[in-house]
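Reviewing the structure listed below.
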Amino acid sequence: MKALVTGGCGFIGSHVVRALVADGWDVTNLDKLTYASNLRNLDEIAGHPRYRLIEGDVCDPAVVERAVDGQDLVINFAAESHVDRSLLDPLVFVRTDIEGVVVLLEALRKRPNAAFVQMSTDEVFGTLPAPLEAAEDAPFNPSSPYSASKAAAELQVRAYAGTYGMAATVLRCCNVYGPNQHIEKFIPLFLTRAMRGESLPLYGDGRQEREWIYVSDLVSAVRLVVGQLPAGGGLQELHVGSGERRGNLDVAERICDIVERPRSLITPVADRPGHDRRYALDAGKLRAMGWRAEVPFETGIQLTAEWYRANPDVWGAAASAGFADYFREQYGERLSEPRPT
Ligand code: TYD
Numbered sequence: 001m002k003a004l005v006t007g008g009c010g011f012i013g014s015h016v017v018r019a020l021v022a023d024g025w026d027v028t029n030l031d032k033l034t035y036a037s038n039l040r041n042l043d044e045i046a047g048h049p050r051y052r053l054i055e056g057d058v059c060d061p062a063v064v065e066r067a068v069d070g071q072d073l074v075i076n077f078a079a080e081s082h083v084d085r086s087l088l089d090p091l092v093f094v095r096t097d098i099e100g101v102v103v104l105l106e107a108l109r110k111r112p113n114a115a116f117v118q119m120s121t122d123e124v125f126g127t128l129p130a131p132l133e134a135a136e137d138a139p140f141n142p143s144s145p146y147s148a149s150k151a152a153a154e155l156q157v158r159a160y161a162g163t164y165g166m167a168a169t170v171l172r173c174c175n176v177y178g179p180n181q182h183i184e185k186f187i188p189l190f191l192t193r194a195m196r197g198e199s200l201p202l203y204g205d206g207r208q209e210r211e212w213i214y215v216s217d218l219v220s221a222v223r224l225v226v227g228q229l230p231a232g233g234g235l236q237e238l239h240v241g242s243g244e245r246r247g248n249l250d251v252a253e254r255i256c257d258i259v260e261r262p263r264s265l266i267t268p269v270a271d272r273p274g275h276d277r278r279y280a281l282d283a284g285k286l287r288a289m290g291w292r293a294e295v296p297f298e299t300g301i302q303l304t305a306e307w308y309r310a311n312p313d314v315w316g317a318a319a320s321a322g323f324a325d326y327f328r329e330q331y332g333e334r335l336s337e338p339r340p341t
């Protein structure tokens with residue numbers, strides 16, 4: 001069986017590419033090699049006979065037509081995914097996250113035998129007051145340019161499934177963490193900075209809550225879903241949630257403890273505009289299909305810390321591409337004027 005994975009050099013994509021190759025799939029990875037892509041994430045399968053990389057953009061119809069041709073399955077991980085960057089430069093999110101999906105859907109429309117899986121996010125529901133959890137039919141209420149783009153992408157998938165009867169699955173996942181994640185994201189940013197004894201810029205009061213899933217649990221969800229794709233067309237929506245919900249301050253403190261640095265590194269800074277307080281998914285539908293999250297947060301965060309400690313050459317390869325400039329733009333002012341605790 002043949003699969004196209006888009007964005008396979010990124011964090012989640014790279015784990016899924018390796019899992020599918022291990023499972024016997026013939027995998028093509030279409031990746032634009034943006035700042036968030038890291039070829040080192042795929043070192044271990046780079047020369048594998050059932051793996052090939054196409055460097056290209058999901059927004060380029062000619063490249064996508066060629067890449068989709070002959071595939072049994074297309075999984076779309078190609079996306080701009082960092083909320084903070086979507087505040088600095090929203091148009092690139094509209095382009096890759098929305099236009100890219102439509103280009104993929106257009107190519108798939110002509111190939112009704114290929115199934116489509118779209119990776120989405122709990123952020124499409126916006127902030128949810130406790131103790132609410134979003135089920136698959138909860139209303140969209142995105143608040144950042146990133147989450148609005150992912151919601152719009154989902155609506156396009158829904159439209160193609162409804163209009164053309166295309167077989168499509170949308171997986172909405174909570175916050176993912178683990179090896180290979182770009183260090184712009186909360187957990188790897190705090191881990192790598194704490195290891196060097198640098199300040200940890202915590203937005204606002206740090207009481208925002210996120211649901212955290214270790215990347216291998218998301219991979220097991222993808223494996224299960226691609227092994228049980230529904231026969232016939234139409235849209236399937238599934239939530240990949242771990243139930244492991246933590247406040248950001250708690251996560252930051254745990255990180256300091258694990259890397260044996262003082263909690264005083266945590267520096268409250270100006271909040272992210274429009275910052276959602278809480279995300280929470282109801283993953284009952286996927287659990288009823290036989291899936292379980294297996295890695296508790298406490299285990300996952302220790303595995304992640306060990307990986308970042310042991311692999312500075314891997315994550316450093318991605319971090320070198322303009323990260324210092326981004327960090328200065330995003331945090332320079334915030335860190336020069338820390339808020340009183
Ligand atoms: P992030 O990893 O950007 O994921 P998302 O915003 O998509 O959930 O951030 C996770 C949480 O951590 C979020 O509530 C914002 C917060 N955060 C900080 O407090 N400081 C930071 O420097 C970053 C990157 C995130």
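Heads up, the sequence shown is in my numbering, so the first residue is 1 and it goes up one at a time. Glycine included, every Cβ here is placed at the ideal spot set by N, Cα and C. Since the structure is predicted, the reported quantities are computational estimates derived from the model, not experimental observations.
Since I believe HIS15 is in contact with VAL215 (beta carbons under 8 Å), could you give me their beta-carbon distance rounded to a whole number of angstroms? Sure, about 5 Å apart at Cβ, within 8 Å.
With a cut-off of 8 Å, do at least 3 Cβ pairs link the segment 299 to 310 to the segment 144 to 153? no
Between the C-alpha atoms of PHE125 and PRO145, what's the straight-line distance to the nearest angstrom? 13 Å
Flag this pair as yes or no: are the beta carbons of ASN180 and GLN208 separated by less than 9 Å? no
Around the Cβ of GLU244, are there at least 16 other Cβ atoms within 10 angstroms (buried) or fewer (exposed)? buried
Span separating the alpha-carbon of GLU375 from that of GLY290: The question about residue 375 has no answer, for the chain in this structure spans 1 to 341.
Is it buried or exposed for GLU211, if we count other Cβ within 10 angstroms and need 16 for buried? buried
Taking all protein chains shown into account, do 16 or more other C-beta atoms lie within 10 angstroms of the C-beta of ASP89, making it buried, or fewer, making it exposed? Within a 10 Å sphere around the beta-carbon of ASP89 sit fewer than 16 other beta-carbons, which makes this residue exposed.
Any chance you could list the beta strand (DSSP E) runs of at least 3 consecutive residues sitting entirely within the segment 254 to 340, in chain order? 266 to 269
Out of curiosity, what's the CA-to-CA distance linking VAL176 and LEU189? 14 Å
Assuming GLN156 is part of the alpha helix (DSSP H), what are its boundary residues? 145 to 164
Any non-hydrogen atom of the ligand TYD closer than 8 Å to TYR214 Cβ: no
Taking 9 Å as the cut-off, decide whether the C-beta atoms of ALA115 and VAL226 are in contact. yes
PRO201 bridges to which residues according to DSSP? THR267
Among all the DSSP beta bridges, which residues are the ones paired with LEU30? Looking at the DSSP assignment, LEU30 forms a beta bridge with THR6 and ILE54.
CB of VAL240 within 9 Å of CB of ALA283, strictly: yes
Whole angstroms is fine: what's the gap from HIS82's alpha carbon to GLY10's? 12 Å
Would you say the beta carbon of ASP84 is closer than 8 Å to some non-hydrogen atom of the ligand TYD? yes
Using a threshold of 8 Å, is the CB atom of ARG210 nearer than that to any non-hydrogen atom of the ligand TYD? At least one heavy atom of the ligand TYD is nearer than 8 Å to the Cβ of ARG210, so yes.
Between SER143 and VAL94, what straight-line distance do the alpha-carbon atoms span, to the nearest angstrom? 14 Å
Since GLU209 is in the alpha helix (DSSP H), which residue starts that stretch and which ends it? Element bounds for GLU209: not the alpha helix (DSSP H) but the beta strand (DSSP E), 209 to 214.
With a Cβ-Cβ cutoff of 9 Å, do ASP97 and GLY56 count as a contact? no
Using the rule of at least 16 other Cβ atoms within 10 Å of the residue's Cβ for burial, across every protein chain shown, is GLN228 buried or exposed? exposed
Going by the DSSP bridge assignment, what does LEU235 pair with across the sheet? ALA168
Within this structure, are the beta carbons of VAL117 and VAL222 separated by less than 9 Å? yes
Is it the case that the CB of GLY56 approaches a heavy atom of the ligand TYD more closely than 8 Å? False, no ligand heavy atom lies under 8 Å from that Cβ.
Exposed or buried, which one is THR163 when buried takes at least 16 other CB atoms within 10 Å? exposed
Do LEU202 and THR127 come within 9 Å of each other at the CB atom, strictly closer than that value? no
Through-space distance from ILE258 to ASP60, alpha-carbon basis: Taking the straight line joining both Cα atoms gives about 44 Å.
9 Å Cβ cutoff met for ARG193 and LEU265: yes
Leaving out five residues on either side along the sequence, give the residues of the same chain with a beta carbon under 6 Å from the beta carbon of ALA107. Correct list, in chain order: VAL64, GLU65 and VAL68.
Smallest Cα separation from GLY178: which of ARG158, LEU218 and LEU200? LEU218
Would you mind giving the Cβ-Cβ distance between TYR35 and GLY322, rounded to the nearest angstrom? I have them listed as a contact below 8 Å. 6 Å
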